[in-house]
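First the structure, in the form of structure tokens, and then the observations on it.
2 protein chains.
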Amino acid sequence: MKSPKDITIYDIAKALDISPATVSRGLKDHPGIRKDTKKKILEAARQMGYQHNTFARNLRIKKTNTIGVIIPRLNSYFMSTVIAGMEKIANERGYMLLISQTQESAKKEIASVNTMFNSRVDGLLVSLAFDTENIEHFDAMLKKEIPIIFFDRVAEHTKCTSIVINNIKAGYDATMHLIDQGCKRIAYVGGSLKRNVYADRLKGYKQAHAERGVAIDPALTIINTLSEQAGSEAAQQIMQMNPLPDGIFTANDTSAVAIIRELKFAGISVPEQIAVVGFNNDPISWVIEPNLTTIHYPGQEMGEIAATTLINTINNLPAANLNTLVLRHSLIIRQSSQRKK
Amino acid sequence: MKSPKDITIYDIAKALDISPATVSRGLKDHPGIRKDTKKKILEAARQMGYQHNTFARNLRIKKTNTIGVIIPRLNSYFMSTVIAGMEKIANERGYMLLISQTQESAKKEIASVNTMFNSRVDGLLVSLAFDTENIEHFDAMLKKEIPIIFFDRVAEHTKCTSIVINNIKAGYDATMHLIDQGCKRIAYVGGSLKRNVYADRLKGYKQAHAERGVAIDPALTIINTLSEQAGSEAAQQIMQMNPLPDGIFTANDTSAVAIIRELKFAGISVPEQIAVVGFNNDPISWVIEPNLTTIHYPGQEMGEIAATTLINTINNLPAANLNTLVLRHSLIIRQSSQRKK
DNA sequence: ATTCACCTTGCAACCGATTGCATTTTTATT
DNA sequence: AATAAAAATGCAATCGGTTGCAAGGTGAAT
Chain A
1 MKSPKDITIY
11 DIAKALDISP
21 ATVSRGLKDH
31 PGIRKDTKKK
41 ILEAARQMGY
51 QHNTFARNLR
61 IKKTNTIGVI
71 IPRLNSYFMS
81 TVIAGMEKIA
91 NERGYMLLIS
101 QTQESAKKEI
111 ASVNTMFNSR
121 VDGLLVSLAF
131 DTENIEHFDA
141 MLKKEIPIIF
151 FDRVAEHTKC
161 TSIVINNIKA
171 GYDATMHLID
181 QGCKRIAYVG
191 GSLKRNVYAD
201 RLKGYKQAHA
211 ERGVAIDPAL
221 TIINTLSEQA
231 GSEAAQQIMQ
241 MNPLPDGIFT
251 ANDTSAVAII
261 RELKFAGISV
271 PEQIAVVGFN
281 NDPISWVIEP
291 NLTTIHYPGQ
301 EMGEIAATTL
311 INTINNLPAA
321 NLNTLVLRHS
331 LIIRQSSQRK
341 K
Chain B
1 MKSPKDITIY
11 DIAKALDISP
21 ATVSRGLKDH
31 PGIRKDTKKK
41 ILEAARQMGY
51 QHNTFARNLR
61 IKKTNTIGVI
71 IPRLNSYFMS
81 TVIAGMEKIA
91 NERGYMLLIS
101 QTQESAKKEI
111 ASVNTMFNSR
121 VDGLLVSLAF
131 DTENIEHFDA
141 MLKKEIPIIF
151 FDRVAEHTKC
161 TSIVINNIKA
171 GYDATMHLID
181 QGCKRIAYVG
191 GSLKRNVYAD
201 RLKGYKQAHA
211 ERGVAIDPAL
221 TIINTLSEQA
231 GSEAAQQIMQ
241 MNPLPDGIFT
251 ANDTSAVAII
261 RELKFAGISV
271 PEQIAVVGFN
281 NDPISWVIEP
291 NLTTIHYPGQ
301 EMGEIAATTL
311 INTINNLPAA
321 NLNTLVLRHS
331 LIIRQSSQRK
341 K
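Protein sequences, first through last, are from chains A and B.
Position one of the first sequence corresponds to residue 1 (UniProt numbering), numbered consecutively onward.
Position one of the second sequence corresponds to residue 1 (UniProt numbering), numbered consecutively onward.
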């Protein structure tokens, strides 16, 4: 049952009666090796079925060509799009992706960081969990100068680049749109305020109100997990309010869709009685009826940029020392919020 | 700019004035080391900030505790759910996931397999690309006894386990349901017939017809990429048919939703004029109106089982020598297909 | 006191590739 | 042909753990 032993550079060296050092150099196109020697080596390697040993190399080089990715959850449209973008770039540049989900738990996040650390990833791409309080668990890596890039759910850190959209502006755009549609009482449904994305969107929501001189009823702000279930519950809660809100801005589309379903089921018309704006531009947003007004969030692009920036940083290429990188978002207006003509 | 050097077992050995061998053994709870020695070692390791070096270990052990995952695309609900399941199990059992997308291209699939091979993954979880013709590119790994498990889009191989649902039965169930709803001309929209999933669903579609003695018009079978765009085009094609079909069974929900949208837009009523059944039970299936009848496909579970089986195989644990593992599917009947009361 | 068995620990080879420096070979120059 | 310069190759140490086997230490039994 023993499988044939792996071919090493020593085997090739012996077969060709040269030294392993020459084989090693020949294999990687070192300038100081004669052309025909190289050809001989390559040929022998090919026909002996040589596969290089990544560990041995990594052990010497102290580089893994692997990027760690730590995310809350993989199975949302947004996140899978981000990962797809990262994978594309990583693949092109010869890197692999090591992916780990925190399930929104800070504890798991810490464990993931440690595993990644032990696996000696060359860099880290991180989107923080709901309940992460501080980012000390990244210190060990940063001390070793391993670059870390935060995306979407970011943290402030002088040594780390953050890739985001302008969530304040996005929240502002969404809310202002609702106000422009004649909404007077707008509810906000978002996730944990520990996370920039939700705190910022709420900030934008407030700014828009302030700018128009509209007072905000604090009872209209709902913080939950933004799951489908949470969305339904939020809808129930909203429908108990008196007076009823006439607009809802919610920080993801899953939640928005769940809310619209509940509202419709309860006989409340959208957008006439309550206008709704979501966030992310998930495919469901143009399937729900009425089609959902939402913020377009360029996931694939964010993934690509995050990966590119990280790989450039790893290799000391330019464009590396930015602190924050802000991608463009846009408000996509569909029927769920349109009350004027 | 030099970061402090990594702590090795040699550093610990020196600090404690014992041998590196003892440190190595102490660190992993080897039976032949005295309790207090172990405690001393652990304590020193902790406070010196020791992190084990995975490469050095892998180089010796020839094991990476890493599983390669090769999939067509990451950004579908089904696939991200599968990966979420795999990641959960892998994480619990101390494995990492190395993920690679083929973008449905056989060429990229071959490249991915080679990269995984070089990375010395302990095993492979694979769902085949659309246009993969044969599976010879896995031979090198199989020759080295590296276990490979296919899931969803599988290939026959005596040495590999396949994890699937009964696609023939699922196709049969879907079609039979349409027939029972009074459909006489049912169109089938699916992906490449090189892939078992689509070939089998078509087979089930035919079986159902045969069983009821209904003839099939070959013009009603459409093969495409199952993308949203392809769905819209398929809908256009179907609407040109004369006579119009009165039922459509399509092999994913993305496609089904795109088709329903086109039909509705063209003023064709679903399910009255054309009943539609999809596949996968994506979230969009219960958002589209009418809600989509579909086949529930247990993605998370499939991911968990695939990962569990692979890890067991890697470690020579039982339940490893199955050839095929069939998960339960179920037909979820919603409005898009219900024409009777 | 001696012997033996067992428990702990250490020695040293090994895993496979990389690389600074020394050495040999080739080429160019006179 | 002799010699210097340049090019090609080899030597050997190194990366950080792991592990078979040997050696040292302990206590019990005789």
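Cβ atoms here follow ideal geometry from the backbone N, Cα and C, with glycine treated the same way.
- Item | Meets three-Cβ-pair contact criterion under 8 Å: the region 243-252 of chain A and the region 279-288 of chain A | yes
- Query: Along chain B, which residues have their Cβ under 8 Å away from the Cβ of E87 of chain A?
  - Reply: L74, I99, S100, Q101
- Query: Rounded to the nearest angstrom, how far is the Cβ of V126 of chain A from that of F150 of chain A, given a contact under 8 Å?
  - Reply: Taking the Cβ atoms as the reference, V126 of chain A lies roughly 5 Å from F150 of chain A, within the contact range of under 8 Å.
- Message: Looking at A70 of chain B: is its Cβ nearer than 9 Å to the Cβ of T324 of chain B?
- Response: Note that residue 70 of chain B is Ile in the sequence shown, not Ala. Against a cut-off of 9 Å, the Cβ pair of T324 of chain B and I70 of chain B comes out as no contact.
- Item | Given 8 Å, three or more beta-carbon pairs between the region 80-94 of chain A and the region 302-315 of chain A | Contact holds: three or more Cβ-Cβ distances are below 8 Å.
- Query: Tell me, which residues are paired with L124 of chain A by DSSP?
  - Reply: A:G68, A:I148
- Item | Secondary structure, alpha helix (DSSP H): runs of 4+ residues fully inside the region 38-87 of chain A | 54-61
- Task: Count the other C-beta atoms from every protein chain shown that fall within 10 angstroms of the C-beta of L193 of chain A, then say buried if there are 16 or more, exposed otherwise.
- Result: exposed
- Message: I'd like to check one pair, E228 of chain B with V189 of chain B: are the Cβ atoms closer than 9 Å?
- Response: no
- Taking only beta-carbon atoms, is V287 of chain A less than 9 Å away from chain B? yes
- Item | Coil, strand or helix - D6 of chain A by DSSP | Of the three classes helix, strand and coil, the one that applies to D6 of chain A here is coil, per DSSP.
- Message: Do Q101 of chain A and L74 of chain A count as a contact pair if the criterion is CB distance below 9 Å?
- Response: yes
- Message: Could you check whether G191 of chain B and T225 of chain B sit closer than 9 Å to each other, using their CB atoms as the reference points?
- Response: When the beta-carbon positions are compared, T225 of chain B and G191 of chain B come within less than 9 Å of each other.
- Task: May I ask you to list, following chain order, the residues of the region 289-315 of chain A that have a beta carbon less than 7 Å from some beta carbon of chain B?
- Result: E289
- Find out if the Cβ-Cβ distance for the pair I295 of chain B, A170 of chain B is shorter than 9 Å. yes
- Item | Cβ of D6 of chain B within 9 Å of any chain A Cβ | yes
- 6 Å Cβ shell around E293 of chain A - same chain, five flanking residues per side excluded: The displayed chain sequence assigns Thr, not Glu, to residue 293 of chain A. These residues qualify, in order along the chain: V277, I333, R334, S336, S337.
- For L325 of chain A, the residue or residues it bridges with in DSSP: A:I163
- Task: Return the chain-ordered list of same chain residues with a C-beta closer than 8 Å to the C-beta of T158 of chain A, the five sequence neighbours on each side being excluded.
- Result: Cβ within range, chain order: N323.
- Reference D6 of chain B; option with closest CA among A:T81, A:E145, A:A129: Closest by alpha carbon: A:E145.
- Query: Exposed or buried, what is Q181 of chain A when buried is set at 16 or more other beta-carbons lying within 10 Å of its beta-carbon?
  - Reply: Buried, since its Cβ has 16 or more Cβ neighbours within 10 Å.
- Message: Please list the terminal residues of the continuous alpha helix (DSSP H) segment that includes H296 of chain B.
- Response: H296 of chain B -> not in any alpha helix (DSSP H); beta strand (DSSP E) instead, spanning 294-296.
- Item | CB contact below 9 Å: L59 of chain B versus chain A | yes
- Message: I want to see whether chain A comes within less than 9 Å of F130 of chain B, judged by CB atoms only; does it?
- Response: no
- Task: Name, please, each residue of chain B whose Cβ falls closer than 7 Å to the Cβ of Q51 of chain A.
- Result: F117, N118
- Measure the alpha-carbon distance for P298 of chain B versus V197 of chain B and round it to whole angstroms. 14 Å
- Query: Along the chain, where does the beta strand (DSSP E) that runs through Q101 of chain A open and close?
  - Reply: Counting along the chain, the beta strand (DSSP E) containing Q101 of chain A begins and ends at 96-101.
- Item | Segment contact, 8 Å Cβ cut-off, at least three pairs: the region 48-57 of chain B with the region 52-66 of chain A | yes
- Residues in its own chain within less than 8 Å of T37 of chain B by CB, not counting five upstream and five downstream? I18, T22, G26
- Query: Looking at A235 of chain B and E262 of chain B, is the spacing between their C-beta atoms short of 9 Å?
  - Reply: yes
- Message: For a minimum of 4 consecutive residues, which ranges assigned as the alpha helix (DSSP H) are wholly contained in the region 197-283 of chain A?
- Response: 228-240, 253-265
- Message: For N252 of chain B, would you say it is in contact with chain A, using Cβ-to-Cβ distances shorter than 9 Å as the test?
- Response: no
- Span of the beta strand (DSSP E) around V189 of chain B: Per DSSP, V189 of chain B belongs to the beta strand (DSSP E) from 186-190.
- Query: According to the Cβ coordinates, are N167 of chain A and G204 of chain A closer than 9 Å?
  - Reply: yes
- Per DSSP, which residues does S337 of chain A bridge with? Please list them. Per DSSP, none; premise fails for S337 of chain A.
- Message: Below 7 Å on C-beta distance, what does I284 of chain B contact in chain A?
- Response: P283, I284, V287
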